Amino acid sequence: MNRHGANDEQSLYFTIPKPDRAYVTAELASIIDFIRYGASRFSAAGLTFGHSHDNPIDEATHLVLASLHLPPDIPPAYGAGKLTAEERVRVLNLIERRINERLPVAYLVGETWFAGLKFKSDRRALVPRSPIAELIESGFTPWLDGRHVERALDLCTGSGCIGIAMAEYNPHWQVDIVDISDDALSLARENVAFQHVGDRVDVVRSDLFGGLQGRKYDLIVSNPPYVTEDEYAALPGEYSHEPKLGLTSGEDGLDICLRMLDEAADHLTEEGLLIVEVGESEHALNALLPEVPFVWIEFKVGPMGVFALERRELVEHAAAIRAAAVARR
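Mind the numbering: the sequence shown is residues 1 to 329 in full-length UniProt numbering, read in order.
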């Protein structure tokens, strides 16, 4: 299939079972009709919602509007707009693919939203999603209140969403976005160009800090891989389409985080701050390094496994962090 549906729509139309096809042709017409239909089909199919959305209505809304090249914030009146025959074919096919292939909507439509910004999304990197978006939108308050930031780093950038969003919200920052995956970096470069931030965002291939010798940052932010091997084996089918490299990090999910903690102080300025998402591995990290004063950030929905740590705290507890990191090698 052509990913954009070119020249395939007639054949795709006939992939829909005949009873369903006859029904939707007669009964569905407007944008709202297709959103409601998609949400009902998604609920009945028992899909998992974890890639930017947590419910079938938002999932169906994303799919329908993106496939029609419409923004997510269109006025409600447009919901009554009628789809053309060609548009119906395209939307119905995507709904069926979402169900039958368990593909994330972002991969089906090639785009998603993060921190209020649109990003290209495909299988080269994880679908953008992180509570760190809330920090970016709020100006990292209170964590950066009174601090001077010139250079920031997005480590394990994937699609580039965190670093690019930081640059968009903070035009005076210079931001490096770093990953080890060539596939992810190719997508990140496309997103840098898409958001027109190439003058302020540098894309770097590096195994964590390995390729950043001599570079120091006032802020380092990371959403690294932190899924345990057991958790990965139990993930729903939607996650199997994402690169495993971007998800897993050892038996307790902390292999990469520990390397980061061990090396970050050398790349932070004196008053520098490290912010890292580790999700459910928060409990394992607290148990492994109980003496380290991780500050677990509260979000609007509560704690989300994201900690903040000052450079001076990394230095103070360097011996314990190094011992834990070395034990993984």
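Even for Gly, the Cβ is constructed at its ideal location relative to N, Cα and C. All of these numbers come straight from a predicted model, not from anything done at the bench.
According to DSSP, which residues form a beta bridge with V89? Beta-bridge analysis with DSSP links V89 to no other residue.
Anyone know if the C-beta pair for A265 and L314 falls short of 8 angstroms? In this structure, A265 sits near L314, with a CB-CB distance shorter than 8 angstroms.
For E231, report the span of its beta strand (DSSP E) as first-last. Counting along the chain, E231 falls outside any beta strand (DSSP E), though it belongs to the alpha helix (DSSP H) covering E229 to A233.
State the DSSP-derived secondary structure class of A324, mapped to helix, strand or coil. It is helical.
Between which two residues does the beta strand (DSSP E) containing Y217 stretch? Segment Y217 to S222, the beta strand (DSSP E) holding Y217.
Quick one: what's got a C-beta closer than 8 angstroms to Y169's C-beta in the same chain, skipping five residues either side? Once the five neighbours on either side are set aside, the close Cβ partners of Y169 are A115, I136, E137 and G139.
Helix, strand or coil for R209 per DSSP? In the sequence as presented, Arg is not what sits at residue 209; that position holds Phe. Note: F209 maps to coil in three-state DSSP.
Quick test of your reading: H51 and A133, contact by CB under 8 angstroms. State the CB separation rounded to the nearest angstrom. That belief does not hold up - the Cβ atoms of H51 and A133 are roughly 14 angstroms apart, past 8 angstroms.
Reduced DSSP category for G79 - H, G, I as helix; E, B as strand; rest coil: Shown here, G79 sits in a helix according to DSSP, grouped into three states.
Whole angstroms are fine: how far does the CA of I177 sit from the CA of V203? So the alpha carbons of these two residues sit roughly 5 angstroms apart.
Option in N100, G81, H62 and K82 with minimal Cα separation from D73: Ranking the options by Cα distance to D73, first place goes to H62.
Do you know offhand how far E150's Cα is from H172's? Looking at the two C-alpha atoms, the distance is approximately 7 angstroms.
For R121, which residues from the same chain have a beta carbon less than 7 angstroms from its beta carbon, with the 5 sequence-adjacent residues on both sides left out? At residue 121 the sequence reads Ser, which differs from the Arg that was named. In the same chain as S121, and ignoring 5 residues on each side of it, the C-beta atoms closer than 7 angstroms to its own belong to A106, Y107, G110, E111, T112, V127, P128 and S159, in chain order.
Report the three-state DSSP secondary structure of P56 (helix, strand or coil). DSSP, read as helix, strand or coil, puts P56 in helix.
Once the 5 residues before and after K118 are set aside, which same chain residues still bring their CB inside 7 angstroms of it? Excluding positions up to five away in sequence, the list reads E111.
Based on the DSSP secondary-structure assignment, which residues constitute the bridge partners of W296? Per DSSP, the beta bridge partners of W296 are F307.
Are E251 and T228 touching if we call contact CB-CB under 8 angstroms? Yes, the pair counts as a contact, with Cβ atoms nearer than the cut-off.
Around the Cβ of N191, are there at least 16 other Cβ atoms within 10 angstroms (buried) or fewer (exposed)? A buried status is given to N191, since no fewer than 16 other beta-carbon atoms sit within 10 Å of its beta-carbon.
Validate contact between the segment 29-42 and the segment 77-91 using beta carbons, cut 8 angstroms, 3 pairs: Contact between the segment 29-42 and the segment 77-91 is present, because at least three Cβ pairs lie under 8 angstroms.
6 angstroms Cβ shell around E282 - same chain, five flanking residues per side excluded: So the list reads G305, once near-sequence residues are dropped.
Suppose contacts are defined by Cβ-Cβ distances below 8 angstroms. Is E263 in contact with F209 by that definition? Yes, the pair counts as a contact, with Cβ atoms nearer than the cut-off.
Beta-carbon gap between A325 and L258 smaller than 8 angstroms: Result yes, Cβ atoms of A325 and L258 sit closer than 8 angstroms.
How big is the Cα-Cα spacing for A188 and L247? About 17 angstroms.
Rounded to the nearest angstrom, what separates F294 and G279 at their Cα positions? Approximately 14 angstroms, taken between the alpha carbons.
Any idea which residues DSSP pairs I275 with across the strands? DSSP output for I275 lists V221 and A308 as bridge partner(s).
Please list the terminal residues of the continuous beta strand (DSSP E) segment that includes R200. No beta strand (DSSP E) holds R200; DSSP gives it neither H nor E.
How should D182 be labelled, buried or exposed, when 16 other C-beta atoms within 10 angstroms of its C-beta is the threshold for buried? With fewer than 16 Cβ atoms within 10 Å of its Cβ, D182 is classed as exposed.
Pairwise C-alpha distance: S40 and V175: Those two C-alpha atoms are separated by around 42 angstroms.
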